[in-house]
Amino acid sequence: MKERDQRDTAAPAPVKLPAAGTRGLPLIGWREWITLPDLQVASLKVKVDTGARSSSLHAFDLVTFHRRGVEWVRFSIHPVQRSGKDMVEAEAKVLEHRSVRSSSGKATMRPVIVTRVELLGMVWPVELTLANRDAMGFRMLLGREAIRHRFLVDSGKSYYGGKPSRMKSRKDKR
């Protein structure tokens, strides 16, 4: 009887977890620099947010219009974090309008576009909701649907893809 009691309370055998990258997926950090080639955005700092299902891009001055019977949206982007100086104007076809719940719990309808994202030399299409993120720390959230089956996230590191050359040169001049 004593043997059985000891077996019941014995520590379970350790579980062997796969090492990062064992599935052949490249690592990215919790923040990265990306390019949005279809929107002419050469570099944009994003927060990789595995807690958010969808990705969201800071956009303002949104105007929807129809071209050949298809809904489009024209919008502006401030690509530089915490700055309103630089501005990029863009147009994209609207995929749909989607109800998105913010981190505060408020649901809003947002236009959804599909555009290409480039990170670590990979380019792929991503659905982006457009929202005014001026008050937020990052101009874009890269959600889990965008990175699923493409990357593993190292939540303790940043910028696996490096920084844009113009950022490196600014830092070197200081």
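In my numbering, the protein residues as written are 1443 to 1616.
We put the beta carbon where it would ideally sit given N, CA and C, even for glycine.
Using C-beta distances below 6 Å, list every residue in its chain close to D1480, excluding the 5 sequence neighbours before and after it, in chain order.
Result list for D1480: T1557 and R1558, in chain order.
Terminal residues of the continuous alpha helix (DSSP H) containing R1632?
Residue numbering for the chain in the displayed model covers 1443 to 1616; residue 1632 lies beyond these limits and cannot be assessed.
Quick one: what's H1500 bridged to in DSSP?
Beta-bridge pairing by DSSP links H1500 to A1573.
Would you list, in sequence order, the uninterrupted beta strand (DSSP E) runs of no fewer than 3 residues that lie entirely inside the region 1494-1555?
Taking 3 residues as the minimum length, the beta strand (DSSP E) runs contained wholly in the region 1494-1555 are 1497-1500, 1502-1509, 1512-1519 and 1530-1543, in order along the chain.
Going by the CB atoms, is the gap between S1485 and P1606 shorter than 8 Å?
In this structure, S1485 lies closer than 8 Å to P1606 by Cβ.
Between the alpha carbons of T1550 and F1502, how many angstroms are there, rounded?
C-alpha separation (whole angstroms): 15 Å.
For G1585, which residues of its own chain have a beta-carbon under 7 Å away from its beta-carbon, when the five flanking residues on both sides are left out?
The residues are D1491, A1494, R1495, S1496 and S1497.
Express the C-alpha separation of T1571 and D1596 in angstroms, rounding to a whole number.
The alpha-carbon atoms of D1596 and T1571 are separated by roughly 24 Å.
To the nearest angstrom, how far is the alpha carbon of M1564 from that of W1475?
Taking the straight line joining both Cα atoms gives about 13 Å.
Terminal residues of the beta strand (DSSP E) in which K1487 lies:
According to the DSSP assignment, K1487 belongs to the beta strand (DSSP E) that extends over V1483 to D1491.
When you compare the CB positions of V1505 and V1515, do they come within less than 8 Å of one another, or not?
A contact, by the Cβ cut-off of 8 Å.
Measure the alpha-carbon distance for L1467 versus I1589 and round it to whole angstroms.
In a straight line, the C-alpha of L1467 is about 10 Å away from that of I1589.
Grab the span of the beta strand (DSSP E) containing L1594 for me, first residue to last.
It spans L1594 to D1596 - the beta strand (DSSP E) in which L1594 sits, taken as one unbroken run.
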